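My numbering numbers the first residue of the sequence shown as 605 and each following residue consecutively.
Just so you know, even glycine gets a beta-carbon here, dropped at the ideal spot from N, CA and C.
In this text the structure is predicted, and so the values were computed from the model without any measurement.
Here's the structure, in structure tokens; my notes come after.
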Amino acid sequence: MKNKLQSESLVKPVLQDIRRKILTWEFPPHFQLIEERLCQTYNVSRSPIRQALTHLEAEGLVEKRPRIGFFVKQVLLHDIEELYELRFALEWQVVKGLVNKELPEKTHQKLFNCWSKTDIEQNLSAEQLALLDEEFHTELAKAHGNKMILNQIRLINERIFVFREIDFRQEGRLADTQKEHLEILRRIIAKDLEYLEKILQKNIFSGLGNVKTAVIQLIAKSYIG
Numbered sequence: 605m606k607n608k609l610q611s612e613s614l615v616k617p618v619l620q621d622i623r624r625k626i627l628t629w630e631f632p633p634h635f636q637l638i639e640e641r642l643c644q645t646y647n648v649s650r651s652p653i654r655q656a657l658t659h660l661e662a663e664g665l666v667e668k669r670p671r672i673g674f675f676v677k678q679v680l681l682h683d684i685e686e687l688y689e690l691r692f693a694l695e696w697q698v699v700k701g702l703v704n705k706e707l708p709e710k711t712h713q714k715l716f717n718c719w720s721k722t723d724i725e726q727n728l729s730a731e732q733l734a735l736l737d738e739e740f741h742t743e744l745a746k747a748h749g750n751k752m753i754l755n756q757i758r759l760i761n762e763r764i765f766v767f768r769e770i771d772f773r774q775e776g777r778l779a780d781t782q783k784e785h786l787e788i789l790r791r792i793i794a795k796d797l798e799y800l801e802k803i804l805q806k807n808i809f810s811g812l813g814n815v816k817t818a819v820i821q822l823i824a825k826s827y828i829g
């Protein structure tokens, strides 16, 4: 059990960093991920590297070629769109459920207090804001109570975290997100499903629009550079 926990603690940071480099085109499409070099880069044995690469293969970010090794696959805008569409479908089920079963006051107050602060932008980096945004949506899913939905949302969060961070680098995005999150909370309490659907769509798909623009720029830069 102890060895398993140690292995998992080594795999996670490696997995996250390789995923980040793939999604920001630092590791471009068709780039070979050589295990020996990755072991040296991350100062770990082959086991965590192989586990991370196998996980990324399951995510569709790398492919294993027999007797050759792992290579980065082309990340398509369509794949990113599908992730965000799945995210919306799951989170829409969450907020609908909260309208029917009531959002716990403790959760409401915690999220409202956090996102009503006016000094968030001065204190937090894009990465920290992405974590805060992730926490907001995860807390709603926890309050909903469906563990299967929560687990799926967590898996999606893991895959789109880099995109969340890119989104929060866009000018004005924090202010928009603050308004959207507070409005989501208000509409849950007011049981206003019609407007709640609109504001959740705006919150999720505005972020997708920013991400697609940034990804197109990264793709163009990778071909030029």
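Nearest CA to the CA of glutamine 805: which residue from Arg669, His682, Asp683, Arg691? Within the sequence shown, the letter at position 201 stands for residue 805. The option with the nearest alpha carbon to glutamine 805 is Arg691.
According to DSSP, simplified to helix, strand and coil, what is lysine 816? In the sequence shown, the residue the question calls residue 816 occupies position 212. The answer is helix: DSSP assigns lysine 816 an H, G or I state.
Taking the alpha-carbon positions, what's the glutamate 762 to glutamate 731 distance? The residue labelled residue 762 in the question sits at position 158 within the sequence shown. The residue labelled residue 731 in the question sits at position 127 within the sequence shown. Roughly 13 Å separates the two Cα atoms.
Give me the DSSP bridge partner(s) of valine 666. Residue mapping note: residue 666 aligns to position 62 of the sequence shown, counting from 1. Partner(s): Val676.
Confirm, please, whether the CB-CB distance from phenylalanine 675 to leucine 831 is below 9 Å. Beyond the ends of the chain as shown, which are 605 and 829, falls residue 831; an answer cannot be given.
Select from Leu778, Asn704, Asp683, Gly813 the residue whose C-alpha is nearest the C-alpha of asparagine 727. By 1-based counting over the sequence shown, the position of residue 727 is 123. Here the closest residue by C-alpha is Leu778.
Can you tell me which of His785, Lys616, Gly673 puts its alpha carbon nearest to the alpha carbon of phenylalanine 635? Here residue 635 refers to the residue found at position 31 of the sequence shown. That would be Gly673, whose Cα lies nearest to the Cα of phenylalanine 635.
Same chain, Cβ closer than 7 Å to valine 666, neighbours up to 5 away in sequence not counted: Locating residue 666 in the sequence shown gives position 62, counting from the first residue. Result list for valine 666: Leu637, Leu657, Leu660, Phe674, Phe675, Val676, Lys677, in chain order.
Please give the ranges of any alpha helix (DSSP H) in the region 760 to 829, keeping only runs that are unbroken, at least 4 residues long and fully inside the region. As far as the region 760 to 829 is concerned, its whole alpha helix (DSSP H) runs of at least 4 residues are 777 to 794, 797 to 828.
Aspartate 621 versus leucine 681 - alpha carbon distance: Position 17 of the sequence shown, counting from 1, holds the residue named residue 621. Position 77 of the sequence shown, counting from 1, holds the residue named residue 681. Near 21 Å, if we compare the C-alpha coordinates of leucine 681 and aspartate 621.
Neighbour-count burial assignment, isoleucine 820, 16 or more Cβ in a 10 Å radius: Residue 820 sits at position 216 when you count from the first residue of the sequence shown. Answer is exposed; the Cβ neighbour count stays below 16.
Out of Asp771, Lys795, Asn717, Ile803, which has the shortest C-alpha to C-alpha gap to glycine 813? Against the sequence shown, residue 813 aligns to sequence position 209. Of Asp771, Lys795, Asn717, Ile803, the residue nearest in Cα terms is Asp771.
Reduced DSSP category for lysine 707 - H, G, I as helix; E, B as strand; rest coil: For this step, residue 707 is matched to residue 103 along the sequence shown. Correcting the residue identity first, residue 707 is leucine in this sequence and not lysine. Reduced to three states, the DSSP call for leucine 707 is coil.
What's the call for glutamate 798, buried or exposed, on a 16-neighbour Cβ count within 10 Å? Numbered from 1 along the sequence shown, position 194 holds the residue referred to as residue 798. Residue environment analysis places glutamate 798 among the exposed positions, since fewer than 16 neighbouring C-beta atoms fall within 10 angstroms of its C-beta.
Buried or exposed for glutamate 612, going by 16 or more other Cβ atoms inside 10 Å? The residue you call residue 612 lines up with position 8 of the sequence shown. Answer is exposed; the Cβ neighbour count stays below 16.
Bridge partners of glutamine 636, per DSSP? What you label residue 636 is simply residue 32 of the sequence shown in a count that begins at 1. Partner(s): Phe675.
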